[in-house]
Each structure stands twice: as structure tokens, then as C-alpha cells.
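*Asks:*
In the UniProt record's numbering, the protein residues as written are 1 to 403.
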């Protein structure tokens with residue numbers, strides 16, 4: 001009996017644990033309130049708030065604003081030794097590559113006639129691993145092959161290389177640099193402040209997404225070039241801040257001169273009798289078909305693109321139609337705070353309110369939280385509201401009234 005009591009006491013002692021032993025990744029539960037003070041919240045609540053904030057940022061501009069439709073972005077990627085850290089699982093490098101893949105898809109979907117290039121920072125140097133083009137597949141292939149890390153990041157070399165890629169463009173282009181900076185220092189060969197002045201002189205907008213503490217140099221770069229400087233504290237914030245740069249920014253304060261731009265609308269040719277095989281310099285192979293340039297008849301195999309002979313911009317009419325969403329964005333729906341829930345009865349004759357207020361006009365499901373369009377007065381649920389403003393960019397109620 002005494003032995004059994006001793007074993008029971010030992011098992012009871014083993015089960016005793018301290019409260020602090022059950023805590024994991026407590027720094028993710030801390031966020032900053034409106035007054036700048038730190039407060040503790042749940043991870044689920046923070047993720048829900050981040051989703052709401054991302055939706056609000058998408059709906060932020062509801063008026064017709066002058067925007068740069070022809071964009072050329074240089075995406076500066078940090079492949080330095082700081083990308084090997086494991087504070088964000090599985091690693092900062094893997095998170096960076098996955099976020100860039102989402103950004104490329106969103107960027108070319110939102111900007112069908114724009115182009116992008118990728119510059120890598122590593123070993124104190126800057127290298128253009130993918131030239132400026134509109135080929136999303138080539139960017140993804142190069143990004144997965146060239147994801148080699150090491151050394152320090154040189155911000156000045158990356159900015160000088162980006163400036164050389166963008167400075168020769170005409171004034172009607174929107175020239176931007178999006179920088180992913182993971183460290184707290186930069187290894188530069190000269191005075192980076194002079195580089196920032198030259199970027200401002202050439203109307204090159206620089207936006208930065210960081211994963212560490214705020215740096216004065218990066219903040220000064222963003223303010224001088226009218227860009228945005230964001231600090232991400234978790235994976236969701238990092239992806240959302242990067243996707244913010246997919247939307248064309250307003251040309252407020254930028255010296256952009258409006259001008260007429262010549263564009264070509266080629267037709268796809270597949271008949272080998274009228275269009276023989278041609279050699280593609282980029283892919284280094286013989287290819288059939290293609291889009292002959294209306295001016296010089298030089299063939300291209302991707303749209304949108306620039307003619308390799310006469311530099312004429314080659315696009316299709318659907319590309320221009322997809323830019324309508326940015327020129328005339330859909331207005332934000334008004335949220336109805338009154339919660340209405342339908343009560344099933346033998347007949348709907350005794351319902352005091354209109355039956356349309358209980359069902360979403362888009363999915364016809366019962367509404368708990370309602371959003372009303374200011375023009376057609378139709379009601380939508382939260383899911384349809386987000387889908388309309390982020391993907392569809394047209395109100396189904398207003399379109400039905402027009403038809």
C-alpha cells in the first residue's frame with residue numbers, strides 16, 4: 001500500500017506544469033492600437049482584422065483619380081544572409097518567394113499592359129536576374145532558379161541599377177521600384193543620399209516592405225519619392241503589404257505629362273502558308289504563327305509586348321477593357337448595422353419588411369451582415385461584397401438595371 005501511495009505522488013508531481021510553459025510565440029499576440037500603445041490580442045482576431053484592413057485598403061479609393069496605367073516596376077528582392085533566418089516559418093526566403101508569386105499574378109491581372117523586372121541584392125551587389133517584360137512565366141522560372149542567398153544587401157547598388165532600367169523611359173510611364181528589405185543595415189559603395197535625389201529627379205517612386213525595425217534611411221527614401229514604407233510583423237501582413245503595390249497608385253504630385261501613345265493591335269496568325277517559320281531571339285528556336293506588328297511586320301509571340309524592331313506597343317482590346325476598373329472604380333457599399341433575420345412562417349404575407357432585404361442579391365443566401373449599393377439599393381452579403389470589390393469590379397444590381 002505504501003508503495004502504491006508513493007507511485008501516485010510521483011505521477012501527480014509529474015503532471016504539474018507552469019503556465020508560462022504553455023505559451024508559444026507570444027510576440028504574435030501583441031499589436032499596436034490607435035494611440036501607439038501595445039496591447040495583447042488573440043491570433044485569430046488579428047488575422048480577421050488584417051483581412052478587414054486589406055479589404056478596406058482595396059476599397060479606399062472610390063473616386064475617379066488620375067492613375068498611371070502604363071507601369072514599369074523593378075522588384076528588388078533581398079537574397080542576403082538575412083533571408084536565411086527562420087523566425088517566419090519555414091524561412092524568410094520561402095515566404096519571400098511565395099509572396100512574390102502571388103504578387104506577380106495579381107500585378108499582371110490588375111495591370112495587363114504593364115511590365116516588371118526583378119533585381120536581387122546579395123553579396124554586396126545588385127544583379128538583374130529577370131529583365132523588364134510582361135512574361136509572368138519567365139519571371140517565376142528565374143525566381144525559383146536564382147534564389148541563392150549570401151552576404152550583405154546593398155541598397156544603393158540596387159537603386160542605381162533600378163534607375164538605369166527606368167530612367168530612359170518616356171514621361172507618360174509610371175516608374176516604380178518595390179523593395180523587399182529584410183535586414184537592418186546596407187553595404188553601399190558611396191553616398192546613398194545622392195542616389196535618392198536622382199531618383200526623385202527622375203520621378204521614380206520607391207516603396208519598401210520590411211521585416212525588421214523601421215530604418216530612417218528607408219523612411220527617408222519613401223517620403224522623398226512619394227512611396228510607402230511598411231513594416232510587416234507576420235506572414236499575413238507581409239503578403240498584404242506586397243499586394244498593395246499591385247494597384248496603380250495615384251499620380252498626385254507627380255510630374256506626368258499626358259500625351260497620345262501609339263499602340264498596335266495585331267491579330268494572331270496561324271496559317272503557315274502566309275506566315276512561315278521565324279526564329280525567336282528570346283527562346284532561341286524556330287516558332288510558327290505569332291502576332292505580326294502592324295507597322296513593320298516583325299512577329300511577337302506574347303501580348304502585351306513591344307515590337308523588337310520599331311518599339312511599337314502591341315496589345316489587344318481586352319487589355320484596355322480591363323483597365324476600366326481603375327479609371328472608374330466601383331464605390332464602396334454602405335454597411336447596414338441593423339441585423340435582420342428571417343423567421344419562417346406558413347406564408348410570407350405577414351413579413352413587415354421587403355423580402356429582398358433578407359437575401360443577398362448575388363448568391364441569394366440569407367444575409368446576416370448587409371451591404372447596400374448606393375446606386376441600385378440592392379443588398380449583398382459580406383462574401384459577395386468582398387468578391388465584387390476585389391475580383392468582379394462591377395455591381396450585379398447596377399448591371400441588371402442597365403440591361
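A virtual CB, placed ideally from N, CA and C, is assigned to each residue, including glycine. As the structure is a prediction and not an experimental result, all values here were calculated from the model.
Going by C-alpha distance, which of 225, 287 and 306 is nearest residue 265?
*Replies:* Out of 225, 287 and 306, 306 has the C-alpha closest to the C-alpha of residue 265.
*Asks:* Under a Cβ-count criterion, where at least 16 other Cβ atoms within 10 Å of its own Cβ denotes burial, should residue 87 be classed as buried or exposed?
*Replies:* With fewer than 16 other Cβ atoms within 10 Å, it is exposed.
*Asks:* Quick check: what's the CA-CA separation for residue 81 versus residue 288?
*Replies:* About 45 Å.
*Asks:* In chain order, what are the residue ranges of uninterrupted beta strand (DSSP E) at least 3 long that sit wholly in the region 195–263?
*Replies:* Segments of the beta strand (DSSP E) lying fully in the region 195–263: 204–210 and 229–231.
*Asks:* Specify the secondary structure class of residue 116 as computed by DSSP and reduced to three states.
*Replies:* Three-state result, residue 116: strand.
*Asks:* Distance, Cα to Cα, residue 184 vs residue 92?
*Replies:* So the two alpha carbons sit approximately 15 Å from each other.
*Asks:* Using only the alpha-carbon positions, how far apart do residue 173 and residue 202 sit?
*Replies:* Each residue's alpha carbon lies about 11 Å from the other.
*Asks:* In whole angstroms, what separates the C-alpha of residue 76 from that of residue 216?
*Replies:* Rounded to whole angstroms, residue 76 to residue 216 spans 19 Å at the Cα level.
*Asks:* For residue 109, is the classification buried or exposed, using 16 other Cβ atoms within 10 angstroms of its Cβ as the cut-off for buried?
*Replies:* Residue 109 comes out exposed.
*Asks:* Using the Cα positions of residue 311 and residue 374, report the straight-line distance between them to the nearest angstrom.
*Replies:* Using only the alpha carbons, I get a separation of about 45 Å.
*Asks:* Where do the N-terminal and C-terminal ends of the alpha helix (DSSP H) with residue 384 fall, by residue?
*Replies:* That run of the alpha helix (DSSP H) goes 382–387.
*Asks:* What residue from 212, 163, 209 and 386 has the CA that sits closest to residue 192's CA?
*Replies:* The candidate whose alpha carbon is nearest that of residue 192 is 163.
*Asks:* Measure the C-alpha to C-alpha separation of residue 328 and residue 147 and round it to an integer number of angstroms.
*Replies:* Their Cα atoms are separated by approximately 39 Å.
*Asks:* Give a yes or no on whether the C-beta atoms belonging to residue 379 and residue 367 are separated by under 8 Å.
*Replies:* Cβ atoms of residue 379 and residue 367: closer than 8 Å.
*Asks:* Around the Cβ of residue 229, are there at least 16 other Cβ atoms within 10 angstroms (buried) or fewer (exposed)?
*Replies:* Looking at its Cβ environment, which holds 16 or more other Cβ atoms inside 10 Å, residue 229 is buried.
*Asks:* Go to residue 145, then tell me how far its alpha helix (DSSP H) extends in each direction, as first and last residue.
*Replies:* Run containing residue 145: 136–145, per the alpha helix (DSSP H) assignment.
*Asks:* Should residue 225 be labelled buried (16 or more other beta-carbon atoms within 10 Å of its own) or exposed?
*Replies:* It is buried - the Cβ of residue 225 has at least 16 other Cβ atoms within 10 Å.
*Asks:* Which one or two residues does DSSP pair with residue 357 in a beta bridge?
*Replies:* For residue 357, which the question treats as bridged, DSSP gives no partner whatsoever.
*Asks:* With which residues is residue 306 paired in a DSSP beta bridge?
*Replies:* Looking at the DSSP assignment, residue 306 forms a beta bridge with 313.
*Asks:* CB-CB under 7 Å to residue 48, same chain, minus the five flanking residues each way: which ones, in chain order?
*Replies:* Any answer about residue 48 is weak, because its pLDDT of 48 lies below 50 and its placement is not dependable; what the coordinates show is given next. For residue 48, where only same-chain residues beyond five positions count, there are no Cβ hits under 7 Å.
*Asks:* Does the Cβ-Cβ distance between residue 394 and residue 330 come in under 8 Å?
*Replies:* Yes; because the gap between Cβ atoms is below 8 Å, this pair is in contact.
*Asks:* Note the first and the last residue of the continuous beta strand (DSSP E) segment covering residue 102.
*Replies:* Run containing residue 102: none in the beta strand (DSSP E); it sits in the alpha helix (DSSP H), 92–110.
*Asks:* Report yes if the C-beta distance between residue 381 and residue 360 is below 8 Å; otherwise report no.
*Replies:* Yes; because the gap between Cβ atoms is below 8 Å, this pair is in contact.
*Asks:* Mind checking who residue 292 pairs with in its DSSP beta bridge?
*Replies:* Its beta-bridge partners are 299.
*Asks:* What's the call for residue 260, buried or exposed, on a 16-neighbour Cβ count within 10 Å?
*Replies:* Burial call: exposed.
*Asks:* Please identify the residue among 105, 319 and 176 whose C-alpha is closest to the C-alpha of residue 303.
*Replies:* For residue 303, the nearest C-alpha among the options comes from 319.
*Asks:* Hey, residue 129 and residue 70: beta-carbon distance below 8 Å or not?
*Replies:* Cβ distance not < 8 Å, so residue 129 and residue 70 don't count as in contact.
*Asks:* Please classify residue 363 as buried or exposed, where buried requires at least 16 other C-beta atoms within 10 Å of its C-beta.
*Replies:* Per the 10 Å Cβ criterion, exposed.
*Asks:* Only counting the same chain, and skipping five residues up and downstream in sequence, which positions put a Cβ closer than 6 Å to that of residue 200?
*Replies:* Only 224 and 225 meet the Cβ criterion.
*Asks:* So with Cβ pairs under 8 Å, would you call residue 184 a contact of chain B?
*Replies:* Note that chain B does not occur in the displayed structure, where there is just one protein chain.
*Asks:* Determine the closest residue to residue 387 out of 337, 333, 357 and 377, with distance taken between C-alpha atoms.
*Replies:* Checking every option, the nearest Cα to that of residue 387 belongs to 333.
*Asks:* Across which residues does DSSP place residue 73 in a beta bridge pair?
*Replies:* Partner(s): 116 and 176.
*Asks:* Do residue 251 and residue 67 count as a contact pair if the criterion is CB distance below 8 Å?
*Replies:* Yes, the pair counts as a contact, with Cβ atoms nearer than the cut-off.
*Asks:* Using 8 Å for Cβ pairs, my map puts residue 208 next to residue 238. What's the rounded Cβ distance?
*Replies:* Wrong, their Cβ atoms sit about 12 Å apart, outside the cutoff.
*Asks:* Taking residue 337 as the reference, which of 358, 313, 370 and 233 has the closest Cα?
*Replies:* Among 358, 313, 370 and 233, the Cα nearest to that of residue 337 belongs to 370.
*Asks:* Compute the minimum distance between the beta carbon of residue 134 and the heavy atoms of the ligand ZN, and state whether it is under 7 Å.
*Replies:* The ligand ZN is not among the ligands present in this structure, which contains no ligands whatsoever.
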